[in-house]
Each structure stands twice: as C-alpha cells, then as structure tokens.
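Residue numbers (this note's numbering), protein chains in the order written: chain D, 9 to 163; chain P, 9 to 163. Reading through the structure tokens given below for one structure.
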DNA sequence: ATTTTAGTTCTCAAAATTATGAACTAACGA
DNA sequence: TCGTTAGTTCATAATTTTGAGAACTAAAAT
C-alpha cells in the first residue's frame with residue numbers, strides 16, 4: 009500500500025482522465041496515473057489494488073491491457089512470486105508510429121470515397137485529395153521528425 | 009432519401025467505426041461517413057435520417073456536435089427553411105492544432121509528476137523529462153510542418 | 001388563424017461498458 | 001499433503017452511453 013499525498017492523488021486523477029479521453033477505462037487510467045506519480049518505479053499487484061481501492065479483476069484486466077499496449081512492463085525478483093509493474097517510459101516512439109498508422113488507414117478510406125464518387129463531384133474530390141495528401145505528408149514527416157530528435161539527443 | 013450502393017454503405021460503416029474509435033457515438037460516425045461518401049456535397053436533415061435510419065433526436069444531437077467541432081457545416085437557400093449539411097473538408101488545420109494542444113496538456117501533467125517526485129527517483133525523472141521534451145518538440149514542429157505544407161501548396 | 005415544416009428537447013428504454021466479489025487455478029511453501 | 005499466495009476468470013451488478021419516440025417550439029405557408 010503506497011501512501012500518497014493529496015497532490016499525488018489529484019494528479020493521478022488528472023492523468024486518469026486524460027487516459028479516459030484517449031479511450032481507456034477509468035481504472036486503467038488511474039493505474040497509469042499511479043505508476044507515473046509513484047516515487048518507486050515498480051509496484052506490486054497488491055500495492056496497486058490497495059492504493060487505488062480497485063478490485064483484483066479490474067486490476068488484472070487493466071494491467072494486461074496496458075502490458076499488451078506496451079505502456080507498462082513488469083519486473084520480477086528471484087525467490088519472489090510477485091510481479092512489479094512500472095510505467096514503460098521509453099516506448100512513446102511506438103505510440104507515435106501507431107498514431108501515424110491510424111491516420112494513414114483513415115486516409116485510405118478517404119481515397120475510397122473519391123474512387124466511389126468517380127467524377128460525380130470533382131470539386132469535392134479535389135478537397136478530399138488535398139486532405140489525403142496532407143495526411144500522407146504528415147505520416148511521412150512525423151517519423152522523420154522522430155529520427156531527427158533521436159539524432160539530436162544522441163550527441 | 010439518398011440511394012446508396014452496397015460499397016457506399018460499407019464505406020460509411022468503416023468511416024463510422026474509425027470515428028467511433030476517435031470517441032464519437034456510432035450515429036455521429038455514420039453521419040460523417042455519409043457526408044464523406046455522398047456524391048452530393050450537402051444533404052438535408054430529412055435525407056440524413058431517412059438514409060441512415062436514425063431518429064431525429066440522434067441526428068439533431070450528432071449534427072450539433074459535429075457543427076460545434078467544426079467537422080461539418082450547413083448551407084441554406086433563399087425561400088427554403090431546410091439546412092443542408094456537408095463535411096467541412098478544409099478544417100483539418102484546426103484538428104492538428106487541437107491534437108497538439110492536448111499533447112501539450114499531457115506533457116504539463118508529466119512535468120507535475122516530476123515536480124511532486126522531487127529527487128526521490130532521479131532516474132525516473134530523467135526518463136519522464138525526455139518524454140516531456142519530445143512532446144514539446146512535437147508540439148512545436150508539427151505546426152511548423154503544417155506551415156511548410158501550406159507554403160509548398162500555394163506555389 | 002390554422003396547419004405544416006424543421007428541428008429540438010425530454011423521458012425513458014436498450015445496449016454497452018466497467019467494475020465487483022466469489023470461485024477458481026497453478027505454483028510455491030511448510 | 002495441505003495451506004497460502006498471486007493472480008485469472010466468471011457471473012453478475014452498477015454505471016454510462018446512446019438512441020428512440022413523443023411532445024414541443026418557432027417560423028413559414030396556406
């Protein structure tokens with residue numbers, strides 16, 4: 009059971025709400041919040057449920073979801089059956105790439121609208137095309153930006 | 009009532025699902041889908057509810073949400089009380105900017121986690137800081153990219 | 001003045017999501 | 001072997017979201 013200050017609790021809720029807006033269930037958002045806010049980098053299953061007052065099943069489902077999305081990791085220690093869960097802070101590369109993939113998937117749908125429309129409305133096709141091209145531009149340039157940033161850091 | 013082919017109907021559903029994943033209610037996603045797929049650039053309230061088989065209230069709420077988010081617009085004609093709703097295809101600038109704002113808001117929350125942590129875990133603070141800096145970098149560079157793209161287009 | 005139209009708002013029901021608590025499992029420990 | 005621990009899974013309850021249908025409003029049309 010982790011002892012938290014009022015500020016820490018409030019910040020966990022804010023981080024939770026942000027993640028809810030990104031599509032996560034409330035309990036999942038709070039777990040992420042706790043792992044971000046905690047002084048200790050890794051907390052056990054038990055500590056998480058005791059600290060957040062959530063059920064084992066909610067925690068189990070949330071942790072597995074977060075593991076699957078590579079937003080958290082767990083470590084273990086010899087002679088200790090527990091897993092210790094912590095935020096996976098280095099993996100936002102993947103997040104950015106995924107976001108770009110989703111944008112690219114949408115731009116493919118937009119392409120299909122133009123194809124289906126044929127030349128029934130050339131003006132609309134033109135506007136849609138512009139948007140498609142921007143989305144493709146973004147999907148190309150943002151990963152390039154990522155590389156640029158990594159390179160600048162390395163020096 | 010708009011007559012749609014099987015392909016058009018399927019594409020509307022796909023665009024609908026994409027928008028559901030972005031947090032919109034199903035009916036709202038379908039309206040966006042219809043307005044993207046339609047040959048005609050603007051459809052009346054009545055045409056929308058007849059074509060999609062949704063209730064007036066669902067349509068009313070969805071259209072107002074989409075208007076408020078600047079994802080659609082409506083036009084009117086003299087001597088015609090109806091509003092004709094159409095996709096607002098030029099406004100993705102705003103979407104990009106909003107997305108960056110939201111990312112920046114999150115990076116502020118991350119900053120707070122570091123502040124609250126003090127020097128209880130310098131290693132974690134360092135990793136969080138790296139992420140903050142990347143998010144800030146992104147929030148600066150993506151709008152710049154947008155400008156670059158606009159400039160290239162204008163020529 | 002009354003009716004029609006275009007849409008809004010309200011109430012409520014259906015559906016989907018999320019979380020609980022209990023039962024369960026598999027490994028470990030005594 | 002029997003109990004304990006660390007979590008998972010299941011049935012179900014609580015909550016939230018979404019949408020339908022009816023009642024309503026305000027402007028326009030007759």
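C-beta: ideal position from N, C-alpha, C; glycine also. No experiment lies behind these values; they were computed from the predicted model shown.
Best match in P:76, P:31, P:142, P:15 for proximity to residue 42 of chain P [C-alpha to C-alpha] | Checked all of P:76, P:31, P:142, P:15; the closest Cα to residue 42 of chain P is P:15.
Element boundaries [beta strand (DSSP E), containing residue 84 of chain D] | Looking at the DSSP string, the run of the beta strand (DSSP E) that includes residue 84 of chain D is 80-85.
Any 3 or more C-beta pairs closer than 8 Å across the stretch 125-138 of chain P and the stretch 47-60 of chain D = They touch, by the three-pair rule.
Could you list the residues in the stretch 115-127 of chain P with a C-beta less than 8 Å from some C-beta on chain D, going in chain order?
-> Within the stretch 115-127 of chain P, the qualifying residues are 117, 118, 120, 121, 124, 125.
If we count Cβ pairs, one from each stretch, closer than 8 Å, do we get three or more for the stretch 98-117 of chain D versus the stretch 135-148 of chain D?
-> At 8 Å Cβ cutoff, the stretches touch.
Would you identify the three-state DSSP class for residue 117 of chain P, choosing helix, strand or coil?
-> In the structure shown, residue 117 of chain P falls within a helical segment according to DSSP collapsed to helix, strand and coil.
The stretch 25-40 of chain P contacting the stretch 56-65 of chain P, beta-carbon criterion three pairs below 8 Å = Contact between the stretch 25-40 of chain P and the stretch 56-65 of chain P is present: 3 or more CB-CB pairs across the two stretches fall below 8 Å.
Distance, Cα to Cα, residue 135 of chain D vs residue 114 of chain D?
-> In this structure, the CA atom of residue 135 of chain D is about 15 Å from the CA atom of residue 114 of chain D.
Under 7 Å between beta-carbons, which chain P residues line up against residue 135 of chain D? List them in chain order, please.
-> Listed along the chain, the chain P residues whose CB falls inside 7 Å of the CB of residue 135 of chain D are 97, 98.
Less than 9 Å separating the beta-carbons of residue 53 of chain P and residue 93 of chain P?
-> Going by C-beta atoms, residue 53 of chain P is nearer than 9 Å to residue 93 of chain P.
Give the range of the beta strand (DSSP E) segment to which residue 89 of chain P is assigned.
-> Element bounds for residue 89 of chain P: 88-95.
Between residue 13 of chain P and residue 140 of chain P, what straight-line distance do the alpha-carbon atoms span, to the nearest angstrom?
-> Between residue 13 of chain P and residue 140 of chain P, the C-alpha separation is close to 48 Å.
Per DSSP, cross-strand counterpart(s) of residue 63 of chain D = Beta-bridge pairing links residue 63 of chain D to no other residue.
Where does the unbroken alpha helix (DSSP H) through residue 130 of chain P begin, and where does it stop?
-> Start and end: 130-162.
Check whether the Cβ atoms of residue 96 of chain P and residue 73 of chain P lie closer than 9 Å to each other.
-> Not closer than 9 Å, so no.
Mapping DSSP to helix, strand and coil, what is residue 46 of chain P?
-> Reduced to three states, the DSSP call for residue 46 of chain P is coil.
CA-to-CA distance, residue 158 of chain P to residue 10 of chain P, given in whole angstroms | Near 35 Å, if we compare the C-alpha coordinates of residue 158 of chain P and residue 10 of chain P.
C-beta atoms of residue 112 of chain P and residue 150 of chain D nearer than 9 Å = For the pair residue 112 of chain P and residue 150 of chain D, the CB atoms are not nearer than the 9 Å cut-off.
Taking any Cβ of chain P, which residues in the stretch 11-33 of chain D have a Cβ under 8 Å from it, in chain order?
-> Taking a C-beta cut-off of 8 Å against chain P, the contacting residues of the stretch 11-33 of chain D are 13, 15, 16, 19, 22, 23, 26, 29, 31, listed in chain order.
Looking at residue 117 of chain P and residue 26 of chain D, is the spacing between their C-beta atoms short of 9 Å?
-> Their beta carbons are under 9 Å apart, which means residue 26 of chain D touches residue 117 of chain P by this criterion.
Does any C-beta atom of chain P lie closer than 9 Å to the C-beta of residue 145 of chain D?
-> So yes, residue 145 of chain D belongs to the interface.
With distances taken between CB atoms, is the gap from residue 121 of chain P to residue 23 of chain D smaller than 9 Å?
-> Cβ atoms of residue 121 of chain P and residue 23 of chain D: closer than 9 Å.
Chain-ordered neighbours of residue 129 of chain D on chain P, where CB pairs are closer than 9 Å = Result: 46, 47, 48, 49.
Given that residue 102 of chain P touches chain D, what residues does it touch there, using C-beta distances under 8 Å?
-> Going along chain D, no residue has its Cβ under 8 Å from residue 102 of chain P, so there is no contact; the nearest lies around 13 Å.
With C-beta atoms as the reference, is residue 39 of chain D less than 9 Å away from residue 71 of chain D?
-> Judged by their CB atoms, residue 39 of chain D and residue 71 of chain D are nearer to each other than the 9 Å cut-off.
Span of the alpha helix (DSSP H) around residue 24 of chain D = Run containing residue 24 of chain D: 14-29, per the alpha helix (DSSP H) assignment.
Rounded to a whole number of angstroms, what is the C-alpha to C-alpha distance between residue 125 of chain D and residue 17 of chain P?
-> In a straight line, the C-alpha of residue 125 of chain D is about 13 Å away from that of residue 17 of chain P.
Find the nearest neighbour of residue 160 of chain P within the set D:138, D:156, D:88, judged by alpha-carbon distance.
-> It is D:138 whose Cα lies nearest to the Cα of residue 160 of chain P.
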